[in-house]
Structures are given as structure tokens and as C-alpha cells.
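To keep things clear, I will list the structure first and then write my remarks on it.
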Amino acid sequence: MSTQDLPILPPELEREIFELCALSRPVLVPKLILVAWRVKQWIEPLLYRTIILSQTKSLDGYPRFTPDVLLPALKTKPRLFRDSVRHILLHAVSESVIQAVLSVCTRVENLWAPLASDVLVSLATPDSSRIIATRPLKHLYTNFMPLLPRLGSTHPLFAQLTHLEVIGIPPRRELGAWADAIARLPQLTHLAFNEDALMPICASLLGVCRLQVLVSLIGDTTRVGHDDPRVDDARFVVLFSPWFEDWQMGVHVGKDYWTRAESIVAERFRQQQLSN
Numbered sequence: 004m005s006t007q008d009l010p011i012l013p014p015e016l017e018r019e020i021f022e023l024c025a026l027s028r029p030v031l032v033p034k035l036i037l038v039a040w041r042v043k044q045w046i047e048p049l050l051y052r053t054i055i056l057s058q059t060k061s062l063d064g065y066p067r068f069t070p071d072v073l074l075p076a077l078k079t080k081p082r083l084f085r086d087s088v089r090h091i092l093l094h095a096v097s098e099s100v101i102q103a104v105l106s107v108c109t110r111v112e113n114l115w116a117p118l119a120s121d122v123l124v125s126l127a128t129p130d131s132s133r134i135i136a137t138r139p140l141k142h143l144y145t146n147f148m149p150l151l152p153r154l155g156s157t158h159p160l161f162a163q164l165t166h167l168e169v170i171g172i173p174p175r176r177e178l179g180a181w182a183d184a185i186a187r188l189p190q191l192t193h194l195a196f197n198e199d200a201l202m203p204i205c206a207s208l209l210g211v212c213r214l215q216v217l218v219s220l221i222g223d224t225t226r227v228g229h230d231d232p233r234v235d236d237a238r239f240v241v242l243f244s245p246w247f248e249d250w251q252m253g254v255h256v257g258k259d260y261w262t263r264a265e266s267i268v269a270e271r272f273r274q275q276q277l278s279n
């Protein structure tokens, strides 16, 4: 059989097949893009949709980036990274690396970076267009304490923020003001924290915020299922979360501690309706 006799797939179907392969195992993309120029155009952006920089963590099926590889690529292909990157995890990297990544990847929607607050402030002020593009942050996991007072709740950086995990705690004297500022975030529906020191303001947060779930993340599985008696609200959930594996599942299949909390809250409301 000659090559002319081989069946030819419609371009739309061919593209869908290659994209499905790339999405299922992005680590294969460098080989797949060698098939043809059109395939490279279709799927190379998928190689950079999720970026993890960590000395100890890697995502199964995804390419492993290092600063030595990623930073030069950001300089040579800034538009590709800007348009492609949606999920970023920055673990145990320097502030200069965080700055280099976030200054280019301005359309990130899901950012896990405990030390990113100062960088986000520098990128968001005074010209917010440097960090705010067509897809502002929706999920943020960081030390939010310095970020919120320096930018304010109505800053465009937070315009589409729906899920926030707060790492660290404000000074006790600032807890009330901090809760009020959180309440003014326009789209926030999911809030999580991992410090018992925030327990005293949980009831206040649930009272003033439009939260669907409020999650207390713990490192001890024996405490799961024992919600704090100080918070009498069906939306408050105590969960154990292995942070990296949880973030990985959220990115890969959309199931993480947020979805688990949603299921628990939904079941509680269902039980309440049945009892009434």
C-alpha cells in the first residue's frame, strides 16, 4: 500500500486525537510535536499548561521543569508561555525565580506559591496590566497577609478569585480587620486555612462572607470528622489534605479538597432538609 492509499483523517479529528494524547500525558508532547509542523502548533501550548518548579516534587505524566531550563525558555518564548500557562506550583524556589515566572505567565489561573505575595504586589502595582490579563487568578494558595492590605480587596488581581487558601496568620490585633477585608473580595466562595489561630474568626467569616465552604486543613488524620464546636455552620469543614497530591488531583481531574468539602456541605444541607 502506498502512502497515497492511507486513510486521511479530517483535520479537526486529527487535532482532537493529538490534543487528547497530549492532555492525558503532557510528558509525551516533545515527541508528538516531531510528527508534523501542524501538530506542533496544536499541542505545544499544552506542554506548558501546568508548570511545577520544585526540587522534591513532580507530577506524574508531566514534564519536570528546572529553573535552568525554564528561565531561558521564558525569555525566548514569552508569548507562548503567556498564552499557554494556566497552573503554576512554585515550591522552595527563590523570589527572583518567582518574579521571572510570574512576570511572563500573566494568564495563570491557579497559583500555588507560599512566598509569592511580595512578587505579586510588585507586578500588580502601579501598572496592574503587567499581571492582570484576560484570565485573572481564580485559585490562589499563598501567604495572603501581606498581599491583601497592600493591594486592597477591590484590586483587579482579585476580580475573579473564587478559591483562596491562606498560608500563615495575621497578628491577633488585626484578625477583625482582616476578616472584613476578606469579606470584600468580590467573587470569593471558597476559603481555606491551616492555622488554628484563625478559628476564633471562623464564625465571623461565615457571617460576613458569601462563602460556600470554609475549610480548616489539618495535618492529623485522627481529627478528620471532628468539626470544631466553636463553629456551628454546615459550611465549615475540617479536612486532612496532603498538599501536593491534592493540588495534583485538582489540576489533573478536578477533584481536590475543595470538591470533597463541597460534597460534605451538600450532604449536610440535604440531611437538614430531610429532617425538616
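For the sequence shown, this note's numbering assigns the number 4 to the initial residue and increments by one for each residue that follows.
In this text, a Cβ means the ideal position worked out from N, Cα and C, and glycines have one as well.
Just so you know, these numbers come straight off a predicted model, no measurement behind them.
Next on the checklist: Quick check on this structure: which residue in I185, L12 and F68 has the alpha carbon closest to the alpha carbon of T157?
Outcome noted: Position 154 of the sequence shown, counted from the start, is the residue given in the question as residue 157. For the residues I185, L12 and F68, the minimum Cα distance to T157 belongs to I185.
Checklist entry - If you drop the 5 nearest sequence neighbours on each side, which residues of the same chain put their C-beta closer than 6 Å to that of T137? => result The residue given as residue 137 occupies position 134 in the sequence shown. Caution is warranted here: a pLDDT of 47 is assigned to T137, below 50, making its placement in the model unreliable, and the coordinate value is therefore given only provisionally. Nothing meets the Cβ criterion.
Item to check | 8 Å CB neighbourhood of L73 in its chain, flanking five on each side removed | outcome: Stepping through the sequence shown from its first residue, residue 73 is reached at position 70. Once the five neighbours on either side are set aside, the close Cβ partners of L73 are I54, L56 and V104.
Next on the checklist: Check for me: the beta strand (DSSP E) holding V216 runs from which residue to which?
Outcome noted: Position 213 of the sequence shown, counting from 1, holds the residue named residue 216. Run containing V216: V216 to I221, per the beta strand (DSSP E) assignment.
Checklist entry - Whose C-alpha, out of D71, D121 and Q58, is nearest the C-alpha of E98? => result Sequence index remark: in the sequence shown, residue 98 carries index 95 (1-based). Here the closest residue by C-alpha is D121.
Checklist entry - Can the beta-carbon of E194 be found closer than 9 Å to that of Q163? => result For the purposes of this step, residue 194 is taken as the residue at position 191 of the sequence shown. For the purposes of this step, residue 163 is taken as the residue at position 160 of the sequence shown. Checking the displayed sequence, the identity of residue 194 turns out to be Leu instead of Glu. No, these two residues do not count as a Cβ contact at 9 Å.
Next on the checklist: Measuring only the C-alpha atoms, how far is W45 from L83?
Outcome noted: The count along the sequence shown starts at 1 and reaches residue 45 at position 42. The count along the sequence shown starts at 1 and reaches residue 83 at position 80. The straight-line gap from Cα to Cα measures roughly 12 Å.
Item to check | Backbone secondary structure at V240 - three-state DSSP | outcome: Counted from its first residue, the sequence shown places residue 240 at position 237. V240 falls in the strand class under three-state DSSP.
Checklist entry - In its own chain, which residues sit with a C-beta less than 6 Å from the C-beta of A206, not counting the 5 before and 5 after it? => result Residue mapping note: residue 206 aligns to position 203 of the sequence shown, counting from 1. These residues qualify, in order along the chain: V234.
Checklist entry - Among residues of its own chain, excluding the 5 on either side of I267, which ones have a beta-carbon nearer than 6 Å to its beta-carbon? => result Taking the sequence shown and counting its residues from 1, one reaches residue 267 at position 264. Contacts found: V240.
Next on the checklist: Let me check one thing: in DSSP terms, what residues is S57 bridge-paired to?
Outcome noted: Mapped onto the sequence shown, residue 57 falls at position 54. The partner list for S57 (beta bridge, DSSP) reads H94.
Next on the checklist: Quick check: what's the CA-CA separation for A95 versus P117?
Outcome noted: Indexing the sequence shown from 1 puts residue 95 at position 92. Indexing the sequence shown from 1 puts residue 117 at position 114. About 9 Å.
Checklist entry - For the candidate residues W40, K78, T145 and S125, whose alpha-carbon lies nearest to that of L154? => result The residue labelled residue 154 in the question sits at position 151 within the sequence shown. Nearest option by C-alpha distance: S125.
Item to check | Contact under 9 Å by Cβ, Y65 with P13 | outcome: Counting from 1 along the sequence shown, the entry for residue 65 is found at position 62. Counting from 1 along the sequence shown, the entry for residue 13 is found at position 10. No, these two residues do not count as a Cβ contact at 9 Å.
Checklist entry - How many angstroms separate the CA atom of L37 from the CA atom of K43? => result Along the sequence shown, read from residue 1 onward, the residue named residue 37 stands at position 34. Along the sequence shown, read from residue 1 onward, the residue named residue 43 stands at position 40. Each residue's Cα considered, the two are about 7 Å apart.
Checklist entry - Helix, strand or coil for A195 per DSSP? => result Counting from one through the sequence shown, the residue named residue 195 turns up at place 192. DSSP places A195 in strand when its eight states are reduced to three.
Next on the checklist: Suppose contacts are defined by Cβ-Cβ distances below 9 Å. Is L178 in contact with L214 by that definition?
Outcome noted: As a first step, residue 178 is located in the sequence shown; it is residue number 175 there, counting from the start. As a first step, residue 214 is located in the sequence shown; it is residue number 211 there, counting from the start. Not a contact, by the Cβ cut-off of 9 Å.
Next on the checklist: Per the DSSP calculation, E168 is bridged to which residue(s)?
Outcome noted: Sequence index remark: in the sequence shown, residue 168 carries index 165 (1-based). BP columns for E168 point to Y144 and A195.
Next on the checklist: In this structure, how does DSSP classify L50 when only helix, strand and coil are distinguished?
Outcome noted: Translated into positions along the sequence shown, residue 50 becomes position 47. DSSP places L50 in helix when its eight states are reduced to three.
Next on the checklist: With H, G and I counted as helix, E and B as strand and the rest as coil, what does DSSP make of L118?
Outcome noted: Taking the sequence shown and counting its residues from 1, the one referred to as residue 118 is at position 115. Coil, per DSSP.
Next on the checklist: Here's the rule I'm using: 16 or more other beta-carbon atoms within 10 Å means buried, otherwise exposed. How should T145 be labelled?
Outcome noted: Translated into the one-based positions of the sequence shown, residue 145 becomes position 142. Its Cβ being crowded by 16 or more others within 10 Å, T145 is buried.
Next on the checklist: Using only the alpha-carbon positions, how far apart do E168 and L143 sit?
Outcome noted: For the purposes of this step, residue 168 is taken as the residue at position 165 of the sequence shown. For the purposes of this step, residue 143 is taken as the residue at position 140 of the sequence shown. Cα to Cα, the separation comes out at about 6 Å.
Checklist entry - Among E265, A127, I101 and P48, which residue has its Cα nearest to the Cα of W115? => result Taking the sequence shown and counting its residues from 1, the one referred to as residue 115 is at position 112. It is I101 whose Cα lies nearest to the Cα of W115.
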